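Contents: one structure, followed by commentary.
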Amino acid sequence: MTGVVKVASVYKVEPFVGEQDHAISSQLHTAQQRLLHLRAQLQASRSEAERLSPFEEGHGKERPYPTTEHIPQLPAHLGWESAALTRSLRQTQPLAKAEDKPVQLTETAVPVTPSPQAPHPTFPKTIKVYPDLAFGLLGEAQVAAGRLWLLLQVVDGQGRGWIAEKQARSVFTGKRGALRFCGVRQLRNLLAQGEGVFWQRENGRIWLRSMAKVAFALGIARLKMRPVAVPVRVLTQNIGTVRAHLYATFHSSRTQQKAKKPIARTTVSGLTQVQ
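The sequence shown runs contiguously to residue 1029 in my numbering.
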């Protein structure tokens, strides 16, 4: 009997090669080779099917990313061996329905905190000036240095008796100085002019002299007239305006409750020694 192919099972096929020293015909050999080829193809397809996931549609395609798209009508069964996939898709159904509603964002006003800045110093609006001292400044030609002395008293609001030269330059000569009225060079000349009369400089500080010492240096024996409140902004104007207001302190001092009769200009010149 010639060789006959025996099919052991569906998954494993073994060819019959006959007994020892038995020759195999060419037809049997061809059938055997074809059977081996079919078996190899079957095993390859089974291995590929086991490797691919249910998401893949065919061989050689890339696995798609999981989708969150809502499936409107999900069938009751997705095929054999798809229980896990069916369960996963059914769990995403309520979530997809909840995400259909648009999300509304509420705006919350955040208060903007301004950046802290150095507060500008607040100076008094007026300064007390004795008419006797004002006429002493006019008579001794010390109006320029005397004005600086009065402004330094305004800056020294705490009454320490001294002002730092750096602070004086910032207040009197800075572009944003609160009492700016001159330049740096002019301030340096005024400080030198009033040295020993209105102040004494030491270690970067301007030590102010008292009103009594300044009056004595100007040759004023006694302050007889009432003091007058002079606006500080007037002292920052031109020197002619400052002279006029210093001269007007005499008349402002007489406008009190015990004011006397009008006085002649010659009498005023004789009393104040100012022509």
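Just so it is clear, CB atoms sit at the ideal spot from N, CA and C, and this is done for glycine as well. If you're wondering where the values come from, they're calculated on a predicted model, not measured in any experiment.
Open item on the list: If distances are taken between C-alpha atoms only, which option among 882, 887 and 892 comes closest to residue 998?
Closed with: Counting from 1 along the sequence shown, the entry for residue 998 is found at position 244. Of 882, 887 and 892, the residue nearest in Cα terms is 892.
- [ ] Tell me whether residue 879 sits in a helix, a strand or coil according to DSSP, three-state version.
- [x] As a first step, residue 879 must be located in the sequence shown, where it is residue number 125. Three-state DSSP puts residue 879 in coil, outside helix and strand.
Task: Close Cβ partners of residue 962 (< 8 Å) along its chain, the five nearest in sequence each way excluded - done: Your numbering for residue 962 matches position 208 in the sequence shown. So the list reads 903, 906, 907, 910, 915, 916, 917, 952 and 953, once near-sequence residues are dropped.
TODO: Assign residue 905 to one of three DSSP states: helix, strand, or coil.
DONE: Position 151 of the sequence shown, counted from the start, is the residue given in the question as residue 905. Here residue 905 sits in helix by DSSP.
- [ ] Please state if the CB of residue 882 and the CB of residue 983 are separated by a distance shorter than 8 Å.
- [x] Taking the first residue of the sequence shown as position 1, residue 983 is located at position 229. Taking the first residue of the sequence shown as position 1, residue 882 is located at position 128. For residue 983 and residue 882, yes; Cβs fall inside 8 Å.
Task: Beta-carbon contacts of residue 959 that lie in its chain and below 8 Å, excluding the five residues immediately before and after - done: Position 205 of the sequence shown, counting from 1, holds the residue named residue 959. Within the same chain, residue 959 has close Cβ partners 916, 917, 918 and 919.
Task: Coarse secondary structure for residue 951, derived from DSSP in three states - done: Counting from 1 along the sequence shown, the entry for residue 951 is found at position 197. Reduced to three states, the DSSP call for residue 951 is coil.
Open item on the list: For a test of the three-state rule: what should DSSP assign to residue 960, helix, strand or coil?
Closed with: Counting from one through the sequence shown, the residue named residue 960 turns up at place 206. The answer is strand: DSSP assigns residue 960 an E or B state.
- [ ] Starting from the Cα of residue 901, find the closest Cα among 957, 924, 931 and 992 and give me that residue.
- [x] Sequence index remark: in the sequence shown, residue 901 carries index 147 (1-based). The shortest Cα separation from residue 901 among 957, 924, 931 and 992 belongs to 992.
TODO: For the beta strand (DSSP E) containing residue 985, list its first residue and its last residue.
DONE: By 1-based counting over the sequence shown, the position of residue 985 is 231. Residue 985 -> beta strand (DSSP E) spans 982-985.
- [ ] Leaving out five residues on either side along the sequence, give the residues of the same chain with a beta carbon under 6 Å from the beta carbon of residue 895.
- [x] Looking up residue 895 in the sequence shown gives position 141. Answer for residue 895: no residue qualifies.
Task: Which of helix, strand or coil DSSP assigns to residue 993 - done: Here residue 993 refers to the residue found at position 239 when the sequence shown is read from its first residue. Reduced to three states, the DSSP call for residue 993 is helix.
- [ ] Would you check if the distance between the CB atom of residue 944 and the CB atom of residue 898 is smaller than 8 Å?
- [x] Taking the first residue of the sequence shown as position 1, residue 944 is located at position 190. Taking the first residue of the sequence shown as position 1, residue 898 is located at position 144. Taking 8 Å as the Cβ cut-off, residue 944 and residue 898 qualify as a contacting pair.
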